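**Q** Same order as they appear, the protein sequences are chains A and B.
Numbered according to our numbering, the first sequence spans residues 289 to 564.
Numbered according to our numbering, the second sequence spans residues 59 to 621.
Glycine included, each C-beta is placed from N, C-alpha and C at the ideal position.
Note that the coordinates shown come from a computational prediction; the quantities given were computed from them, not determined experimentally.
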Amino acid sequence: MSTLEATNVGHQVGHKVVLEASNVTMRFGGLTAVNDVSMQVHDGEIVGLIGPNGAGKTTFFNCLTGMYIPTEGTVKLSGEVLPPKPLKVVRAGMARTFQNIRLFGNMTALENVMVGRYCRTSSMALTSVLRGPKFKREEAATRERAQELLDYVGLGKSAELLARNMPYGDQRRLEIARALATDPQLLLLDEPTAGMNPKETEECMHLIFKIRDSGLAVVVIEHDMRFIFQLCDRVLCLVRGALLIEGTPGEVQSDPRVIEAYIGGSDDDDDEEGTK
Amino acid sequence: MSKLTLSDDVRATHGSKAPMLAMVGGALVLLSGLLSWSADSTVLDDVSVRFYPIGAQIYIMVMGITAIVLGVLLRKRPAWMSPGRGLRILGWATIAFVLLMALFAIGYETGALANLNEGLPVALVGGVLVLLAGMVTPEVTLDVRRWPKLSSSLEIVVIVVMMAFLLFAVAHALSLESWTFIAFLLMLVGVAGAVLGTGIGGYLGFVGANNRRPLLLAAFLVAFLFPFTQDGSDANMSIATQIIIFAATALGLNIVVGLAGLLDLGYIAFLGTGAYVGAMMSQSAFATIGWKPPFLVVMLIGSLVAATFGLIIGSPTLRVSGDYLAIVTLGFGEIFRLAMFNLDGNNGPKLTNGPNGIPGIPDLNFFGFDFGESHSIAGFELGRFANYYLLLLLLIAFVILVFSRLNDSRLGRGWVAIREDERAAEAMGVNVFGLKLLAFAVGAALAGIAGTIKAHVDTSVSPDQYIFLESAFLLAAVVLGGMGTVVGVLVGASILKLLPEKLREVNDYRLLAFGLLLVLMMRFRPEGLVASKRRQLEFHEDDEELVALTQQEHLLEAQAEAK
Numbered sequence: 289m290s291t292l293e294a295t296n297v298g299h300q301v302g303h304k305v306v307l308e309a310s311n312v313t314m315r316f317g318g319l320t321a322v323n324d325v326s327m328q329v330h331d332g333e334i335v336g337l338i339g340p341n342g343a344g345k346t347t348f349f350n351c352l353t354g355m356y357i358p359t360e361g362t363v364k365l366s367g368e369v370l371p372p373k374p375l376k377v378v379r380a381g382m383a384r385t386f387q388n389i390r391l392f393g394n395m396t397a398l399e400n401v402m403v404g405r406y407c408r409t410s411s412m413a414l415t416s417v418l419r420g421p422k423f424k425r426e427e428a429a430t431r432e433r434a435q436e437l438l439d440y441v442g443l444g445k446s447a448e449l450l451a452r453n454m455p456y457g458d459q460r461r462l463e464i465a466r467a468l469a470t471d472p473q474l475l476l477l478d479e480p481t482a483g484m485n486p487k488e489t490e491e492c493m494h495l496i497f498k499i500r501d502s503g504l505a506v507v508v509i510e511h512d513m514r515f516i517f518q519l520c521d522r523v524l525c526l527v528r529g530a531l532l533i534e535g536t537p538g539e540v541q542s543d544p545r546v547i548e549a550y551i552g553g554s555d556d557d558d559d560e561e562g563t564k
Numbered sequence: 059m060s061k062l063t064l065s066d067d068v069r070a071t072h073g074s075k076a077p078m079l080a081m082v083g084g085a086l087v088l089l090s091g092l093l094s095w096s097a098d099s100t101v102l103d104d105v106s107v108r109f110y111p112i113g114a115q116i117y118i119m120v121m122g123i124t125a126i127v128l129g130v131l132l133r134k135r136p137a138w139m140s141p142g143r144g145l146r147i148l149g150w151a152t153i154a155f156v157l158l159m160a161l162f163a164i165g166y167e168t169g170a171l172a173n174l175n176e177g178l179p180v181a182l183v184g185g186v187l188v189l190l191a192g193m194v195t196p197e198v199t200l201d202v203r204r205w206p207k208l209s210s211s212l213e214i215v216v217i218v219v220m221m222a223f224l225l226f227a228v229a230h231a232l233s234l235e236s237w238t239f240i241a242f243l244l245m246l247v248g249v250a251g252a253v254l255g256t257g258i259g260g261y262l263g264f265v266g267a268n269n270r271r272p273l274l275l276a277a278f279l280v281a282f283l284f285p286f287t288q289d290g291s292d293a294n295m296s297i298a299t300q301i302i303i304f305a306a307t308a309l310g311l312n313i314v315v316g317l318a319g320l321l322d323l324g325y326i327a328f329l330g331t332g333a334y335v336g337a338m339m340s341q342s343a344f345a346t347i348g349w350k351p352p353f354l355v356v357m358l359i360g361s362l363v364a365a366t367f368g369l370i371i372g373s374p375t376l377r378v379s380g381d382y383l384a385i386v387t388l389g390f391g392e393i394f395r396l397a398m399f400n401l402d403g404n405n406g407p408k409l410t411n412g413p414n415g416i417p418g419i420p421d422l423n424f425f426g427f428d429f430g431e432s433h434s435i436a437g438f439e440l441g442r443f444a445n446y447y448l449l450l451l452l453l454i455a456f457v458i459l460v461f462s463r464l465n466d467s468r469l470g471r472g473w474v475a476i477r478e479d480e481r482a483a484e485a486m487g488v489n490v491f492g493l494k495l496l497a498f499a500v501g502a503a504l505a506g507i508a509g510t511i512k513a514h515v516d517t518s519v520s521p522d523q524y525i526f527l528e529s530a531f532l533l534a535a536v537v538l539g540g541m542g543t544v545v546g547v548l549v550g551a552s553i554l555k556l557l558p559e560k561l562r563e564v565n566d567y568r569l570l571a572f573g574l575l576l577v578l579m580m581r582f583r584p585e586g587l588v589a590s591k592r593r594q595l596e597f598h599e600d601d602e603e604l605v606a607l608t609q610q611e612h613l614l615e616a617q618a619e620a621k
């Protein structure tokens, strides 16, 4: 995998702060799932979010994307405070994928990506029925952009397959293409390589580098340590909802507390999404 | 159906016998048409005479011939056909045909099964043989790339033949009564199912998709020509108008249920809203609103009022989902009926005359063209209902246009995304709440327009026309025909409106029959009679052949589109 390590070398992280989450806290009744977590992401940066199962990583993602309304704290994207509404968050330029793939199974790959263009297009009922030149232009542009994105993630030939019939790895990539269709500045990936074989994982890493190189900031939740330490510019480790350590992959990897958290934390083996 | 097919071993050893089985079975079925079915000569237009086939006997002979043809095809079959599937469908249809005719048309109508003669048992044996032939036929994956390539003009000929056949079938079906009608319907199901199941269905769909415009034109031409086949008789035209009104409303509901996936059990209220608006603004002596705008304006107002109601109901109720939404909408449907019942001047403003409703609504009159009178066009007499039929044809064309264009647009994709996974749709920037409201509003508006015309067709409007049962029927039409499709809903609506008209003898049991029909449908074809391939996959995920076939078809269509 030496080629992969080479990819991240010599890359310069930008200076513009894309995402700034300050003191985000999420309580469910008496349970504090996320406790006072702050995080900054710059443009062209890949940030990793690790932590044992149940550490609150996905909950933190949900707070960032407006799916949960954080009990305390604010989320800023390019300096603007985000309202906790998924719709507005996506419009502002933050897109995500899901831990357990949530594609629109009975739509084709192309249609899935076209749904991602929804928030960047505007034709409403009347224009859709009348089919004027503006509608046709927009529809053609949507289709073209969707096909482009499928080609980008390497699914160009699968455009007409139903999402549910696609191989697992392709479904993960399709989800990324769908998220990219919303023209985000920041992409949140929730366990993008879960269930992938080593070859697919490697391809996924290349894809993420490619996305980063196009100027996007990326935040990745992952359990695969090798993957995350090769991929990321910076890594945050969450334990029991709180930020344990933040640093370069080297620093985090060698920190004894991180190792302890993973080994000692096996008593709460709950999966955030899985228990719902 | 997978459980009903045999194991691969059995197929491998007995597969070679399939063509023979099919041909013998088909021959028996064919022969049964020439035999006597009943000792009593009063049922089914007298099927007691041997070697004098009539009505239902001719239909079963058609089924027999179809089986023989499939058997021949089975011997040297093209790679894009799978007569096995077709034979199974034909076999089941033949058995159902025989049982229904034996038990009900002859047994029940004459009062004794003893009246049965040799014909139907012979057909039963034939049907079972055909079914067996279908079961032992080895399944092979169809290769749709082998579809014959016709020149575009030949493809249009295919479409015209299909449409001409359709017109003939409909006109013929409407001329039939009671059990003969059922027999005809079963034959259609059997033969069409056999032909389509063989793989020709996918091919015809492909040809249709390649020639969408000619297909649509031909379909509407057929519908337009239909009144001219009726010799000025209004009996069938009256049913036809009811079917179109019902179908237009069901298509509106299809946006809500089929596309956006919201279960609405009070939909008839929107049709009622339109009808009441149409009645209140009509020239009727009982109309409660003094303003009498031209009918086009009334239609617009009717749709706007219905859409407004849709929004009013939608905004609070759409915050609940699934079963809860169904219950709330059911409640709304009842509220509408009760409100119309009570707005009689005693309990509230005098708008609807309460239970008496608004009778005496005069016929429409467009620029001197009186819909109430017979007109003669090119020597053909068109009665009152035929006039309305032609108007309603415009309406349904409009509704279909709105439905299919919305379906194939940004909004349609948003709706389907919501149906598939609401949270994911939201996370991808789809305005879930707004789109749900829009679905309600657009669907309600379409139903509202249909309602304003319905008021004039029926000449009266009263609350008891808008009961829950009607909402249930609308939903049944959508589910029976195929959710999310246009043709499916048209078929579903036609069946649900036609059957009660043609089966007056068993009218008391019609709810029982519909219930049974729906249960059977959910067991054997949950995707509806005319399903989109998408829905079919949803319900038959484990059918690998279907999956492979669909993928091939998708690719082929994409190629055709790219050209």
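Please classify B:Tyr325 as buried or exposed, where buried requires at least 16 other C-beta atoms within 10 Å of its C-beta.
**A** It is buried - the Cβ of B:Tyr325 has at least 16 other Cβ atoms within 10 Å.
**Q** Would A:Gly346 count as contacting chain B if we go by Cβ distances under 7 angstroms?
**A** According to the sequence shown, residue 346 of chain A is Thr rather than Gly. So no, A:Thr346 is outside the interface.
**Q** If you check the beta carbons only, do A:Ala383 and A:Pro472 fall under 7 angstroms apart?
**A** Taking 7 angstroms as the Cβ cut-off, A:Ala383 and A:Pro472 qualify as a contacting pair.
**Q** Give the C-beta separation of B:Val188 and B:Thr238 to the nearest angstrom, bearing in mind that I take them to be a contact with Cβ-Cβ under 8 angstroms.
**A** With a Cβ gap of about 22 angstroms, B:Val188 and B:Thr238 do not count as contacting.
**Q** Since B:Gly113 contacts B:Ala241 with CB under 8 angstroms, what's their CB separation in whole angstroms?
**A** 7 angstroms between Cβ atoms; contact.
**Q** Our contact map puts B:Val460 next to B:Leu532 with C-beta atoms below 8 angstroms; I'd like the distance itself, whole angstroms only.
**A** Their Cβ separation, rounded to whole angstroms, is 17 angstroms, which puts B:Val460 and B:Leu532 out of contact at 8 angstroms.
**Q** Quick check on this structure: which residue in A:Ser310, A:Asp543 and A:Gln387 has the alpha carbon closest to the alpha carbon of A:Leu476?
**A** Measuring from the Cα of A:Leu476, the nearest candidate turns out to be A:Gln387.
**Q** Quick one: what's A:His330 bridged to in DSSP?
**A** In the DSSP output, where bridge partners are listed per residue, A:His330 has A:Val305.
**Q** What residue from B:Glu197, B:Leu174 and B:Val101 has the CA that sits closest to B:Gly144's CA?
**A** If we check each option's Cα against that of B:Gly144, B:Glu197 comes out closest.
**Q** Exposed or buried, which one is B:Leu95 when buried takes at least 16 other CB atoms within 10 Å?
**A** Contrary to the premise, residue 95 of chain B reads as Trp rather than Leu in this sequence. With 16 or more Cβ atoms within 10 Å of its Cβ, B:Trp95 is classed as buried.
**Q** Going by DSSP in three states, A:Gly553 sits in which element: helix, strand or coil?
**A** The predicted position of A:Gly553 is uncertain, since its pLDDT is 48 and thus under 50; no value can be drawn from it.
**Q** Counting only the same chain and skipping the five closest in sequence on each side, list residues whose C-beta sits under 6 angstroms from that of B:Ser340.
**A** Here the set comprises Ile419.
**Q** If you draw a straight line from the alpha carbon of B:Asp402 to that of B:Leu409, how long is it in whole angstroms?
**A** Cα-Cα distance, rounded: 6 angstroms.
**Q** Candidates B:Ser342, B:Met398, B:Leu321 and B:Gly142: which alpha carbon is nearest B:Ser530's?
**A** The sequence given here has Ala at residue 530 of chain B, not Ser. Closest by alpha carbon: B:Leu321.
**Q** Helix, strand or coil for B:Ala276, going by three-state DSSP, please let me know.
**A** Three-state DSSP puts B:Ala276 in a helix.
**Q** Between which residues of its own chain and A:His303 is the CB-CB distance below 7 angstroms, once the five residues before and five after are set aside?
**A** Result list for A:His303: His330, in chain order.
**Q** Please determine if the segment 120-131 of chain B and the segment 72-85 of chain B are in contact, where contact requires at least 3 C-beta pairs separated by less than 8 angstroms.
**A** Yes: the two stretches touch, three or more of their Cβ pairs being nearer than 8 angstroms.
**Q** If we cut at 7 angstroms on Cβ distances, does A:Leu437 have a partner in chain B?
**A** Output row for A:Leu437: interface = no.
**Q** Would you verify that the beta carbon of A:Gly233 is, or is not, closer than 7 angstroms to some beta carbon of chain B?
**A** No information on residue 233 of chain A is available, as it lies outside the stretch 289 to 564 that chain A covers here.
**Q** Sort A:Ile509, A:Met327 and A:Val305 by Cα distance to A:Asn341 and report the nearest one.
**A** Of A:Ile509, A:Met327 and A:Val305, the residue nearest in Cα terms is A:Ile509.
**Q** By the criterion of Cβ-Cβ separation under 8 angstroms, what are the contact partners of B:Leu464 in chain A?
**A** What B:Leu464 touches in chain A: Ala413, Ser416 and Val417.
**Q** From the DSSP output, read off the bridge partner residues of A:Thr320.
**A** In the DSSP output, where bridge partners are listed per residue, A:Thr320 has A:Arg315.
**Q** Using three-state DSSP, classify A:Thr347 as helix, strand or coil.
**A** A:Thr347 falls in the helix class under three-state DSSP.
**Q** Name the two residues that bound the continuous beta strand (DSSP E) containing A:Thr362.
**A** Residues Glu360 to Leu365.
**Q** Report the residues of the segment 371-392 of chain A with a CB closer than 8 angstroms to any CB of chain B, ordered along the chain.
**A** Answer set for the segment 371-392 of chain A: Pro374, Leu375, Val378, Arg379, Ala383, Arg384, Phe386, Arg390, Leu391 and Phe392.
**Q** Taking 7 angstroms as the CB-CB limit, is B:Arg468 close to chain A?
**A** It does; some Cβ of chain A falls within 7 angstroms.
**Q** Could you list which residues in chain B have their beta carbon closer than 7 angstroms to that of A:Met314, in chain order?
**A** Those within 7 angstroms of A:Met314 in chain B number zero; the least Cβ separation is about 17 angstroms.
**Q** Suppose the cutoff is 6 angstroms on Cβ atoms and the five residues either side in sequence are ignored; what does the same chain contact list for A:Glu561 look like?
**A** Confidence at A:Glu561 is low in this model, with a pLDDT of 43, below 50, so the placement of that residue is unreliable and no value is reported for it.
**Q** Please name the residue or residues paired with A:Gly535 in a DSSP beta bridge.
**A** Paired residue(s): A:Val523.
**Q** Is the beta carbon of B:Val536 closer than 7 angstroms to that of B:Ile458?
**A** No, they are not a contact pair.
**Q** Which of the three DSSP states, helix, strand or coil, is assigned to B:Ile435?
**A** DSSP places B:Ile435 in strand when its eight states are reduced to three.
**Q** So is A:Glu399 in contact with chain B if we call contact Cβ pairs under 7 angstroms?
**A** Answer yes: the Cβ-Cβ gap between A:Glu399 and chain B drops below 7 angstroms somewhere.
**Q** Starting from the beta carbon of B:Arg471, find every residue of chain A whose beta carbon is closer than 8 angstroms, and list them in chain order.
**A** Near B:Arg471 (Cβ distances below 8 angstroms), the residues of chain A are Met395, Glu399, Met402, Val403 and Tyr406.
**Q** Whole angstroms is fine: what's the gap from A:Cys351's alpha carbon to B:Val314's?
**A** The straight-line gap from Cα to Cα measures roughly 31 angstroms.
**Q** Measuring CA to CA, which of A:Ala309, A:Lys422 and A:Leu398 is closest to A:Gly367?
**A** If we check each option's Cα against that of A:Gly367, A:Ala309 comes out closest.
**Q** Could you check the C-alpha separation between B:Phe491 and B:Ala276 for me, to the nearest Å?
**A** If you take the alpha carbons of B:Phe491 and B:Ala276, they lie about 39 angstroms apart.
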